[in-house]
Amino acid sequence: MEYMFASPDCNAVEGLVIGINGTFPGPTIRAKAGDRVVVTVINKLHTEGVVIHWHGIQMRGTPWADGTASISQCAINPGETFVYNFTVDRPGTYFYHGHYGMQRSAGLYGSLIVDVKDGEKEPFNYEQDFNFLLSDWWHRSVHEQAVLLSGKPFHWIGEPQTLLINGTGQYDCTWKTELTDNTSLNHCETSKDGERFCKPLILHVKPNKVYRLRIASTTALASLNLAIEGHKMEVVEADGSYVEPFTVDNLDIHSGESYSVLLRTMGLPSNDYWISIGVIGRDPSNTFLGQAILTYFRPTHKPVQIPTTKPPQTPDWKDHNRSLEFAKKIVAKKNYNSPKPPKISDRRIILLNTQNYIDGFTKWAINNISLTLPPTPYLGAIKYGLNDAFDSKNKPPENYDPNYNISNPPLTDATFGNAVYDFEFNTTIDVILQNANVLNKINTSEIHPWHLHGHDFWVLGYGEGKFRDEDEENFNLENPPLKNTVVLFPNGWTALRFVADNPGVWAFHCHIEPHLHLGMGVIFAEGVDRIDENEIPKEALACGLTATLNLQTAARLNSGAHDFTPNHYLLYAIGFLLYLSFS
Ligand SMILES: O=C1O[C@H]([C@@H](O)CO)C(O)=C1O
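Written as structure tokens, this is what we have:
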């Protein structure tokens with residue numbers, strides 16, 4: 001991991017991105033289900049720690065490899081190395097990204113594709129797959145962004161300048177939304193030194209075939225919609241689970257989500273076709289759209305032309321109902337052993353999402369608590385009972401004040417906090433995400449994609465306004481989809497269910513990078529006592545109070561406490577006597 005100068009969207013001024021092995025985005029990792037993946041991370045950032053989160057991988061048996069700073073491990077210091085060693089148990093479209101500060105916004109990400117095991121088949125056929133890793137790009141550095149957000153008064157970072165596909169975008173191109181007479185690509189195609197690196201991604205396809213597009217979004221902020229001119233798409237996978245196929249003209253994808261769609265190519269294509277990616281859910285302001293070209297192989301090898309048609313318009317960003325209808329179409333695949341949720345839950349937590357002030361600083365809070373991560377990773381703090389490492393005395397609230405007016409939030413300050421929701425092992429948990437209006441903007445409620453670590457959850461339903469107990473009657477317990485990221489729509493609620501059966505400490509948070517930075521997340525812990533401490537790599541827990549723990553172990557070992565001392569003989573003698581007395 002290393003900062004590099006780059007201009008992913010061909011803006012004249014280069015900025016900094018975090019590259020991996022000299023590339024941005026990082027290399028695509030491709031594995032087969034059941035594979036053990038071993039990745040050595042060497043931190044070559046000069047002055048910052050780093051971690052990598054493997055988004056969508058459940059880390060069963062290796063919770064210390066989840067790559068969340070302060071939660072599952074210590075940040076890897078500059079110059080240090082950390083080895084992630086984990087199993088990818090389910091095929092699907094995933095990605096990896098930084099999970100320390102706002103490093104995802106700095107471009108620290110790459111794709112992770114898990115194919116089916118040898119000899120197994122996907123429930124659909126295709127000729128070839130194409131990979132689209134979508135992101136958004138700001139010309140201000142991530143450090144400037146963090147300072148803007150953390151200041152008093154608060155300065156919002158604004159919308160992105162450009163949308164990127166596989167790390168490439170086209171800022172300020174004449175063909176932003178429609179073509180001008182001059183169809184040359186000018187600076188959008190050629191960089192200063194003549195290297196063509198900003199031209200749009202080109203998919204070469206043959207007529208009458210089926211292709212799989214793997215689309216994942218690691219945007220820092222933007223919710224997106226993707227449309228392919230003249231073609232429909234059949235949605236077949238969401239967040240690594242197969243879904244009941246459905247056909248769409250365009251696809252919504254929010255930060256943290258991934259989809260596979262099947263694209264059937266035409267028999268007699270008349271042209272090359274645009275693929276457009278636009279912003280939904282928030283006013284896109286001047287964001288330059290993401291564009292790619294679908295080009296058909298031709299007998300005469302003509303160079304790829306910029307299509308002479310207009311790129312498809314993505315839907316109106318304000319049309320949340322359309323997005324909600326899209327989200328509701330995603331259900332588990334029929335007759336495919338899709339696991340069903342338990343019929344009832346053991347515990348229900350309601351999480352109210354609000355924007356708040358704390359001492360004049362603008363923050364996001366959940367049930368009035370804005371998450372501030374402690375220096376000691378929770379995994380070690382809980383495992384070793386280091387009660388001072390975080391607020392272990394208090395439990396975070398299970399609900400919010402029933403009189404709270406979500407349309408007109410009171411101007412009460414929130415508080416900072418870092419207490420943990422701890423779940424009894426193997427119990428079924430329902431979470432209701434509840435949206436509200438933001439501060440100081442009449443009638444404005446924002447969209448929040450929430451991502452859970454360590455689990456997939458069933459999405460049981462969406463609703464308008466405040467969640468009421470009766471809404472439970474309409475939960476979808478028949479074929480709810482399994483996802484790891486779900487949208488909380490403006491003014492509404494989203495209900496989800498999962499079984500707390502994965503020992504570890506797991507973040508659950510809004511996947512909008514600045515929102516997490518401003519406290520929009522909670523921490524879940526389950527079965528931590530079941531984790532074998534001998535398996536936790538020592539370097540994962542060598543900071544904060546857990547560092548002291550490592551030092552104590554080292555000191556004990558150095559002082560020879562592991563040698564056979566007279567005390568051991570005494571214990572053995574007592575044990576032997578007990579054995580004799582019982583036998
Ligand atoms: O966190 C945010 O702050 C701004 C706005 O709510 C206040 O300026 C915005 O659009 C966000 O998503």
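Residue numbers for the sequence shown follow UniProt numbering, so the first one is 1 and each next one is one higher. Here a beta-carbon is modelled for each residue, glycine too, at the ideal position from N, C-alpha and C.
Check: Ordered along the chain, which non-local residues of its own chain (more than five positions away) have a Cβ less than 6 Å from that of N131?
Finding: The residues are S111 and R214.
Notebook entry, point to check: Does at least one heavy atom of ligand 1 sit under 7 Å from the Cβ of W156?
Noted result: Yes, since a heavy atom of ligand 1 falls inside the 7 Å radius drawn around the Cβ of W156.
Margin query: Restricting to Cα atoms, I'd like to know which of T162, E2 and E424 is closest to N77.
Written below: E2
Next item on the list: Check whether the Cβ atoms of A216 and K483 lie closer than 8 Å to each other.
Entry: no
Check: Between the beta-carbon of G169 and the beta-carbon of L371, is there less than 8 Å?
Finding: No, they are not a contact pair.
Checklist line | Three-state secondary structure (DSSP) of I382 | finding: helix
Item checked: Candidates F326, N286, T308 and K206, of which the one nearest L263 by Cα -> K206
Next item on the list: Taking 8 Å as the cut-off, decide whether the C-beta atoms of L226 and T295 are in contact.
Entry: no
Note to self: Please tell me whether, using a cut-off of 7 Å, the distance from the CB of P160 to the nearest non-hydrogen atom of ligand 1 is below it.
What the structure shows: no
Next item on the list: With a threshold of 16 other CB atoms inside 10 Å of the CB of Q128, please say whether the residue is buried or exposed.
Entry: exposed
Checklist line | Reference N208, options C543, R36, P269 and L16, closest by Cα | finding: P269
Checklist line | Uninterrupted beta strand (DSSP E) stretches inside the stretch 309-377 (no shorter than 3 residues) | finding: Look at the stretch 309-377 and you find these whole runs of beta strand (DSSP E), each 3 residues long or longer: 347-358, 361-366 and 369-371.
Note to self: For I358 and F416, which I take to be in contact (beta-carbon distance under 8 Å), what is that distance rounded to the nearest angstrom?
What the structure shows: 6 Å
Next item on the list: Would you kindly report the start and end of the unbroken alpha helix (DSSP H) that includes T553?
Entry: It spans G544 to N558 - the alpha helix (DSSP H) in which T553 sits, taken as one unbroken run.
Next item on the list: Taking only the alpha-carbon atoms, compute the straight-line gap between L549 and G67 and give it to the nearest angstrom.
Entry: If I take the Cα positions, the gap works out to 21 Å.
Note to self: I want to check one thing, is the minimum distance from the CB of Q145 to the heavy atoms of ligand 1 below 7 Å?
What the structure shows: Set against 7 Å, the gap from the CB of Q145 to the closest heavy atom of ligand 1 is not smaller.
Margin query: Rounded to the nearest angstrom, what separates V51 and Y378 at their Cα positions?
Written below: Straight through space, the alpha carbons of Y378 and V51 are spaced by roughly 15 Å.
Next item on the list: Look at the Cβ atom of E159, then the Cβ atom of P284, and state whether they are nearer than 8 Å.
Entry: yes
Notebook entry, point to check: Of the residues W138, R140, P91 and A292, which one's Cα is nearest the Cα of E120?
Noted result: If we check each option's Cα against that of E120, P91 comes out closest.
Item checked: Cβ-heavy atom distance, residue 637 to ligand 1, below 7 Å -> Only positions 1 to 583 of the chain appear in this structure, which leaves residue 637 out of reach.
Item checked: Close Cβ partners of A106 (< 6 Å) along its chain, the five nearest in sequence each way excluded -> I18 and V142
Next item on the list: Measure the C-alpha to C-alpha separation of V499 and E424 and round it to an integer number of angstroms.
Entry: Answer to the nearest angstrom: the Cα atoms are 10 Å apart.
Note to self: Which residue marks the beginning of the alpha helix (DSSP H) containing V431, and which one marks its end?
What the structure shows: Unbroken run through V431 is the beta strand (DSSP E), T428 to Q434; no alpha helix (DSSP H).
Note to self: Am I right that R530 and P490 are in contact with their C-beta atoms under 8 Å? What's the rounded C-beta distance?
What the structure shows: The pair is not a contact, with the Cβ atoms about 40 Å apart (cut-off 8 Å).
Check: Who are the near neighbours of N321 in its chain, counting only those whose CB is closer than 6 Å to its CB and skipping five residues on each side?
Finding: none
Notebook entry, point to check: If S255 and S223 are in contact, beta carbons under 8 Å, what's the gap, nearest whole angstrom?
Noted result: 7 Å
Check: Going by the CB atoms, is the gap between F95 and S258 shorter than 8 Å?
Finding: Closer than 8 Å, so yes.
Notebook entry, point to check: In angstroms, rounded to a whole number, what distance separates the CA positions of G15 and N166?
Noted result: Here the alpha carbon of G15 sits roughly 17 Å from the alpha carbon of N166.
Margin query: If distances are taken between C-alpha atoms only, which option among D35, W54, G101 and H55 comes closest to D115?
Written below: The alpha carbon of D115 has as its nearest neighbour, out of D35, W54, G101 and H55, the alpha carbon of D35.
Check: How is K538 classed by DSSP in three states: helix, strand or coil?
Finding: helix
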